[in-house]
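Student: The listed protein sequences correspond, in order, to chains A and B.
Residue 1 is where the first sequence starts when you use this note's numbering, and the numbers rise one by one after that.
Residue 1 is where the second sequence starts when you use this note's numbering, and the numbers rise one by one after that.
By construction, the Cβ of each residue, glycine as well, lies at the ideal position given by its N, Cα and C atoms.
Note that the structure is a prediction, hence the values are computed from the model and not measured.
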Amino acid sequence: MTEYLIRRILQSILVMFLVSIVTFGLIHAAPGGPVQIFLAPGQSPEVIELQKKQLGLDRPVHIQYIEWLGRMLKGDFGKTFKSGTPVASLIWPTLKNTIILMATSWLLALLIAIPWGVYNSTRQYGVSDNIAAIVGYAGFAMPAFWFGILLQLTFSLKLNLFPLSDMYTYGKEGNILDLLYHMVLPVTVLVLINLASYLRFSRASMLDVLSQDYVRTARAKGVPERLVVYKHALRNALIPIITVIGLDLPIVVAGATLTETVFNWPGMGRLFVEMAFAREYSALMAITMIITVAVILGNLLADILYALVDPRVRLGARGGEAS
Amino acid sequence: MKRKWSILVAGALALSLLVSACGGSKAPSGGSQTSSDEPRDGGTLTWSTTSDIITLNYFFINDTASQDVANLIYAYLYNVDEEGRLVVDDWCIASELPEVSEDGKTYTIKLKDTPKWSDGKRLTAEDVVFTLESFANKDVLSPQYANFDKIESVKALDERTVQVTLSTVFAPFETSGLYIQIMPKHAFEGYEPSQYKDAPFGKDPSKTIYSGPYIWTEWKQKQSLTFERNPNWWGPKKPHIDKIVYKIYADQNTEVQALLKGEVDLVTQIPVASLPAVEGKPGIKLIEGPGPVYDYLGFNFNPENWPDGFVPFAGIKTRQAIAHAINRQGLVDSVLQGHGVLLNGPFLPNGWAYTGAEINYEYNVEKAKQLLAEDGWTMGPDGYLQKDGHKFEFTLQFNTGNKRREAVAAIIQANLKEVGIKVNIEPLDFSSWIENHVTPGRYQAVLLGWSLSIDPDAESIFSSKFFPPNGQNSGWYKNEKVDELWVKGYSVIDPAERKKVYAELAKEITTDLPYVFLYQQNIIVGMRDRVKFKDEDKPVLSLPYGETRHIYNWWLSE
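1. DSSP three-state call for residue 86 of chain A: helix, strand or coil?
2. Measuring CA to CA, which of B:332, B:534, B:512 is closest to residue 317 of chain B?
3. Would you verify that the beta carbon of residue 51 of chain A is, or is not, closer than 8 Å to some beta carbon of chain B?
4. When you compare the CB of residue 544 of chain B with every CB in chain A, is at least one pair closer than 8 Å?
5. Does DSSP put residue 153 of chain A in a helix, in a strand, or in coil?
6. Return no unless some Cβ of chain A is closer than 8 Å to the Cβ of residue 469 of chain B.
7. In this structure, does DSSP put residue 550 of chain B in helix, strand or coil?
8. Classify residue 302 of chain A: buried if its beta carbon has 16 or more other beta carbons within 10 angstroms, exposed otherwise.
9. Could you tell me the distance, in whole angstroms, from the CA atom of residue 216 of chain A to the CA atom of residue 308 of chain A?
10. Using the rule of at least 16 other Cβ atoms within 10 Å of the residue's Cβ for burial, across every protein chain shown, is residue 240 of chain B buried or exposed?
11. Please compile the residues from chain B whose C-beta is within a distance smaller than 8 Å of the C-beta of residue 166 of chain A.
12. Smallest Cα separation from residue 510 of chain B: which of B:550, B:322, B:396, B:302?
13. Taking only three categories from DSSP, how would you classify residue 213 of chain A?
14. Would you say residue 399 of chain B reaches chain A, if we count a Cβ-Cβ gap shorter than 8 Å as a contact?
15. Per DSSP, which one or two residues make a beta bridge with residue 110 of chain B?
16. Count Cβ pairs between the stretch 444-457 of chain B and the stretch 172-187 of chain B that sit closer than 8 Å; are there 3 or more?
17. Which one or two residues does DSSP pair with residue 153 of chain B in a beta bridge?
18. When you compare only the Cα positions, how much space is there between residue 218 of chain A and residue 120 of chain A?
19. Leaving out five residues before and five after residue 153 of chain B in sequence, what residues of the same chain have Cβ atoms less than 7 Å from its Cβ?
20. In the structure shown, what three-state DSSP assignment does residue 442 of chain B receive?
21. For a contact meaning CB atoms closer than 7 Å, what does residue 253 of chain B contact in chain A?
22. What does residue 188 of chain A reach in chain B if we use C-beta pairs closer than 8 Å?
23. How big is the Cα-Cα spacing for residue 214 of chain B and residue 230 of chain B?
24. May I have a chain-ordered list of the alpha helix (DSSP H) segments no shorter than 4 residues that lie completely inside the stretch 231-298 of chain B?
25. Report the three-state DSSP secondary structure of residue 303 of chain B (helix, strand or coil).
26. Residues of the stretch 115-134 of chain A with a CB closer than 7 Å to any CB of chain B: list them in chain order, please.
27. At a Cβ threshold of 8 Å, is residue 71 of chain A touching chain B?
28. Taking buried to mean at least 16 other C-beta atoms within 10 Å of its own C-beta, is residue 481 of chain B buried or exposed?
29. Name, going along the chain, the residues of the stretch 238-251 of chain B whose beta-carbon falls closer than 9 Å to a beta-carbon of chain A.
30. Going along chain B in order, which residues have a C-beta closer than 8 Å to the C-beta of residue 90 of chain A?
31. Using the beta-carbon of each residue, which ones in chain B are nearer than 7 Å to residue 44 of chain A?
32. Cβ closer than 8 Å: which chain B residues qualify as neighbours of residue 325 of chain A?
33. For chain A, is any of its Cβ atoms less than 8 Å away from the one on residue 432 of chain B?
34. Closer than 7 Å by C-beta to residue 344 of chain B: which residues in its own chain qualify, once you throw out the five before and the five after it? Chain order, please.
35. Would you kindly report the start and end of the unbroken alpha helix (DSSP H) that includes residue 139 of chain A?
36. Quick check on this structure: which residue in B:337, B:183, B:515 has the alpha carbon closest to the alpha carbon of residue 117 of chain B?
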């Protein structure tokens with residue numbers, strides 16, 4: 001296991017390195033630069049050149065990359081072009097806000113979807129299954145911002161039950177109850193959206209396993225249906241679900257731009273879009289790297305969870321039986 | 001004071017379409033609602049915005065949000081009246097209007113005795129000298145550098161007197177260079193000019209020093225900024241409102257709903273699409289009027305941008321025909337839904353230099369066709385005009401995501417097809433468009449806008465001295481008479497003389513038509529009824545940042 005982990009970590013470092021080169025290259029290759037956005041129109045080329053020089057944008061891209069890498073290895077995310085604000089001071093508070101919102105909705109979605117999907121697989125086309133199908137279609141079909149505005153109009157403006165937007169009431173920052181109160185509507189939107197795919201997925205995965213031979217064998221030898229479903233089948237059905245969970249983990253840090261925008265949640269999705277429009281290269285790189293780390297961690301987590309669920313993968317699958 | 005691209009990208013997401021009913025709603029009258037009850041002190045005003053500030057370090061401010069709130073915390077050297085003339089009032093630092101020398105190059109500025117910084121230090125001539133010198137210093141690299149590059153020297157004659165000498169007579173300097181806020185010299189001690197941007201001043205409220213009626217007490221990024229009355233405010237009158245919260249909304253829709261719910265007292269830019277949601281709602285008043293912005297259709301006269309070097313816009317009659325062929329009033333009625341006014345020339349109709357000498361090209365397809373025929377265009381077999389073997393066809397560029405310009409471009413395309421001109425539409429990402437096409441002057445035609453500065457001078461847009469890449473005459477327009485008139489316009493100091501020059505310019509430029517001037521968009525301000533002000537303190541929407549111009553005199557009724 002240790003050897004496996006070390007190998008994975010080394011791979012991850014290589015992946016991060018490659019991702020950073022590609023992203024850096026793409027960001028700099030994109031037309032339009034920060035200087036054009038920053039300066040008032042009508043500056044002489046001389047002033048534009050000076051500005052580029054001061055911001056370090058006059059040097060070749062590979063030199064700029066090496067400088068960026070050097071700073072990054074020291075843990076310095078750099079500063080924004082426009083105001084010289086340290087990027088770290090923009091990102092960490094935003095990241096925290098996003099994790100609060102996204103982790104809650106994501107976990108809630110999983111906690112609802114997996115048991116419900118499993119239950120539905122045992123009663124295919126029953127009432128509960130049909131309701132789940134409707135919820136699933138609705139979640140897929142409804143645009144997040146539209147649903148968000150609908151909730152705002154109904155539950156905030158009309159019924160006055162929940163706050164319209166924001167994380168906290170002005171002056172109540174840090175108050176957990178106030179935060180929870182403000183989370184109800186955006187979390188509802190995000191849960192519904194995530195629910196759809198997890199519901200369909202867990203149900204399908206379960207149905208797949210339930211039709212396999214060993215399940216029939218278990219049933220044939222008289223094992224009670226409850227045990228067949230929850231002991232024999234569930235474990236195997238979880239493996240593909242875990243893969244999806246691992247792949248989806250990065251959304252917890254990447255944020256949900258539309259929902260954050262509608263509910264005025266100060267999160268990463270909004271920050272990324274703003275920084276992209278302003279061509280703030282350092283901030284864009286920092287956010288990309290954070291998401292890359294999340295992708296790698298998500299995959300790693302999925303692998304570790306496989307091992308927990310399925311003993312066959314525990315020893316790095318070397319010499320183990322393939323399934 | 002500042003000239004900016006009028007971007008108004010309409011937000012990355014353009015969500016605002018939702019609340020719209022797209023009805024042809026009538027514009028509310030521009031009249032303000034005043035209250036007979038007497039001002040009272042106290043209360044918190046919540047003012048909303050759709051973007052966070054970038055910095056409150058004045059040297060680097062180049063965005064609306066930052067300047068909005070900088071206006072609360074830093075006193076101006078001079079203020080301007082409703083028509084954009086320099087004035088001295090209770091809130092500014094200077095004690096009398098600047099004295100201009102015989103040769104028109106030297107301005108002597110006298111300061112009041114009272115101004116002081118929030119840390120107790122006196123605001124002196126040294127600070128004024130420091131501010132002007134820093135703007136004019138290339139190492140500081142202020143985005144506003146171009147407004148100060150004519151400064152030859154600045155010196156403090158004594159603690160209360162500053163003398164600014166320009167290298168040449170330049171009348172617009174009165175507003176571009178003197179209608180400014182002053183920075184504290186002692187806050188930048190120990191920093192090289194090239195490091196001013198790195199100073200914590202303007203980023204951390206506790207490390208910023210103030211001279212205005214309010215001080216900045218808190219910044220919760222992407223959420224809100226808080227301003228409280230400056231306990232060390234030096235002016236004779238105190239602001240009525242205790243606290244101003246500048247609250248940031250990511251989405252204009254949410255912002256408007258917050259106004260409806262009463263969570264916000266003041267919204268300075270209500271999108272036209274959201275108007276039906278707020279119009280006639282109890283507890284909300286709306287103030288509307290043309291803003292200091294306009295959109296135009298710009299021609300490019302550089303043969304390098306055209307196949308075989310044939311510029312179809314070369315003939316004056318052709319340009320006039322295009323102006324006649326575009327239903328400009330139709331644009332105002334349909335695209336702006338009436339929330340805008342026709343604009344015929346490059347001067348603000350509410351500004352002091354406006355005389356109405358512009359030519360108005362009314363919508364007249366027959367006249368357009370006739371003018372085109374007179375200019376030698378004949379109808380080709382494909383339904384498009386041609387001349388010397390060239391088809392009349394051009395590409396019109398504008399920025400993606402701007403719903404207004406998208407709609408306008410489509411109408412221009414249809415209007416010009418009527419008279420036999422083929423328009424191809426090309427929307428482009430704003431930043432790369434400006435860099436690759438507008439700044440270097442590489443395009444055939446553009447749909448773009450300007451935010452107007454207070455002074456009428458626009459030499460850098462229309463004079464052949466300012467061809468790319470040195471200036472903003474990106475269409476390579478050349479008219480020697482126009483070139484001379486701009487120079488004349490800023491070389492005389494007397495406003496009455498200047499006004500005559502600009503009247504002549506207005507006529508010449510709208511006859512020759514380097515642009516087809518389209519319209520001024522309205523600004524719509526929404527506020528809760530509890531926000532009160534006297535008539536003389538109402539928003540002046542034709543001025544940049546005029547929405548909250550006299551906010552210090554406003555009060556809250558409850």
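Tutor: Taking the structure as given:
1. strand
2. B:512
3. yes
4. no
5. helix
6. yes
7. coil
8. buried
9. 25 Å
10. buried
11. 223
12. B:322
13. helix
14. no
15. B:161
16. yes
17. B:165
18. 20 Å
19. 165
20. coil
21. 149
22. Within 8 Å Cβ-Cβ: nothing; residue 188 of chain A doesn't reach chain B, min ~16 Å.
23. 5 Å
24. 252-261, 275-278
25. helix
26. none
27. no
28. exposed
29. 245, 247, 248, 249, 250, 251
30. 221
31. 470
32. In the structure as shown, chain A starts at 1 and stops at 323, and residue 325 of chain A therefore has no counterpart that could be examined.
33. yes
34. 358, 359, 360, 510, 517
35. 127-141
36. B:183
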